[in-house]
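Note sheet for the following structure.
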Amino acid sequence: MIIVSPWTKGGYVCSQTFDHTSLIRFIETRFGGGLFETNITPWRRAVAGDLTTAFDFASPNGPKKFLLPGTDGYKPKDFLVHTDFNVVPPATQAVPQQEPGVRPARALPYELSAHGVLQASDGSFQIDFGNTGSATAVFQVRSGSSAHIPRVYTVEPGKSLSDTWLLGSIGVADCDLSVYGPNGFLRAFKGSVSGLRNAQLDVVAHHDEKKNGISLVIGNRSSGSAKVNVLDRYTGKSVNLDIKPNDFESKYLPLASLSGWYDLVITTAADTSIGYHFAGHVETGKDSISDPALG
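Going by this note's numbering, 337 is the number at position 138 of the sequence shown; the sequence numbering is gapless.
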């Protein structure tokens with residue numbers, strides 16, 4: 200939707216989760232006085248915002264100046280009344296293209312995590328979901344195997360939960376699980392069950408809200424050394440790590456130049472089937488920009 204208001208000027212985008220009930224809740228928030236729509240469920244009130252994050256009520260008249268496009272091309276050539284005419288669509292239809300560049304983006308209330316690791320006991324894969332932000336978030340997990348249906352998880356602020364996916368015990372030879380969350384949050388875990396069991400990699404991502412960065416802690420719980428590669432898909436640069444048995448390495452990546460956006464792929468030289476994909480945005484409580492990869 201497009202919001203036109205003195206409190207939204209500047210071309211900002213807001214990627215908090217909203218739906219049709221957000222308009223009703225905005226009216227509730229704006230006018231108060233006991234106004235409350237009883238048909239909106241508690242779950243929907245928790246997951247969908249009330250649109251207030253799209254506005255800047257604190258400092259709408261800041262020092263920034265915004266250039267508006269000229270409107271001379273829309274001025275009518277004359278002011279006479281003309282008869283209707285048939286509109287002829289283009290002979291060759293085409294899907295509109297994404298506009299180039301990035302847009303300023305509002306700060307969001309999300310701070311999410313999803314940590315996945317293969318269970319040595321039975322070969323299942325466990326994912327731990329965490330939410331240290333101020334808004335309830337919904338995670339969706341999709342599997343590359345037809346043995347698993349998509350699963351959806353709702354995690355409240357300050358809460359966490361876990362779930363497991365059976366693999367080898369039900370005849371699934373390869374793990375292929377992708378976790379999706381709001382505003383581009385992604386955690387993907389891929390690899391053969393035997394390869395994941397042999398590698399025993401444990402990758403944990405920590406957001407650094409104060410310095411606007413991300414820290415990867417990569418553990419090697421196997422009895423042999425592990426050669427691990429971390430690829431930054433935004434910059435194309437790679438970092439190689441040689442992790443000793445039963446040890447770990449930490450890699451800190453500053454993200455200020457990308458306004459908190461990251462897209463990292465972790466692979467190991469011992470098994471090309473293994474790949475962990477971490478992408479998303481570090482929220483600092485301040486406005487940033489839209490995803491540079493889209494622009």
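Using N, Cα and C, we set each Cβ at its ideal position, and we do this for glycine too.
Fair warning: this is a prediction, and the values are worked out from it, not measured in the lab.
Can you look up residue 481 in the DSSP assignment and give me helix, strand or coil?
One-based indexing of the sequence shown puts residue 481 at position 282. Three-state DSSP puts residue 481 in coil, outside helix and strand.
Which first and last residues belong to the alpha helix (DSSP H) in which residue 222 is found?
As a working mapping, residue 222 is identified with position 23 in the sequence shown. First-last of the alpha helix (DSSP H) with residue 222: 220 to 230.
Sequence-distant residues of the same chain with beta carbon closer than 6 Å to residue 343, five excluded per side:
By one-based count along the sequence shown, residue 343 stands at place 144. Excluding its 5 nearest sequence neighbours in each direction, residue 343 has C-beta neighbours in its own chain below 6 Å: 375, listed in chain order.
Alpha carbon to alpha carbon, what distance is there between residue 474 and residue 389?
The count along the sequence shown starts at 1 and reaches residue 389 at position 190. The count along the sequence shown starts at 1 and reaches residue 474 at position 275. About 5 Å.
Nearest candidate by alpha-carbon position, reference residue 332, set 358, 454, 448, 255
Locating residue 332 in the sequence shown gives position 133, counting from the first residue. Minimum Cα distance to residue 332 is reached at 358.
Are residue 487 and residue 458 close, meaning C-beta to C-beta below 7 Å?
Counting from 1 along the sequence shown, the entry for residue 487 is found at position 288. Counting from 1 along the sequence shown, the entry for residue 458 is found at position 259. For residue 487 and residue 458, yes; Cβs fall inside 7 Å.
Per DSSP, which residues does residue 284 bridge with? Please list them.
Working through the sequence shown from its first residue, we reach residue 284 at position 85. Looking at the DSSP output, residue 284 shares a beta bridge with no other residue.
When 293, 365, 420 are compared against residue 348, the one with the closest alpha-carbon
In the sequence shown, the residue the question calls residue 348 occupies position 149. Ranking 293, 365, 420 by CA distance to the CA of residue 348 puts 365 first.
What is the DSSP secondary structure of residue 204, counted as helix, strand or coil?
Within the sequence shown, numbered from 1, the residue matching residue 204 stands at position 5. Three-state result, residue 204: coil.
Tell me, which residues are paired with residue 406 by DSSP?
Taking the first residue of the sequence shown as 1, we reach residue 406 at position 207. Residue pairing by DSSP places residue 406 opposite 413 in a beta bridge.
Whole angstroms are fine: how far does the CA of residue 360 sit from the CA of residue 483?
For the purposes of this step, residue 483 is taken as residue 284 along the sequence shown, with counting starting at 1. For the purposes of this step, residue 360 is taken as residue 161 along the sequence shown, with counting starting at 1. Rounded to whole angstroms, the separation of the alpha carbons of residue 360 and residue 483 is 24 Å.
Name the two residues that bound the continuous beta strand (DSSP E) containing residue 241.
The residue given as residue 241 occupies position 42 in the sequence shown. Bounds of any beta strand (DSSP E) do not take in residue 241; it lies within the alpha helix (DSSP H) bounded by 241 to 246.
Reduced DSSP category for residue 490 - H, G, I as helix; E, B as strand; rest coil
Within the sequence shown, the letter at position 291 stands for residue 490. It is coil, neither helix nor strand.
Using the three-state DSSP reduction, which class does residue 449 fall into: helix, strand or coil?
As a working note, residue 449 is residue 250 in the sequence shown. In the three-state DSSP reduction, residue 449 falls in the strand class (E or B).
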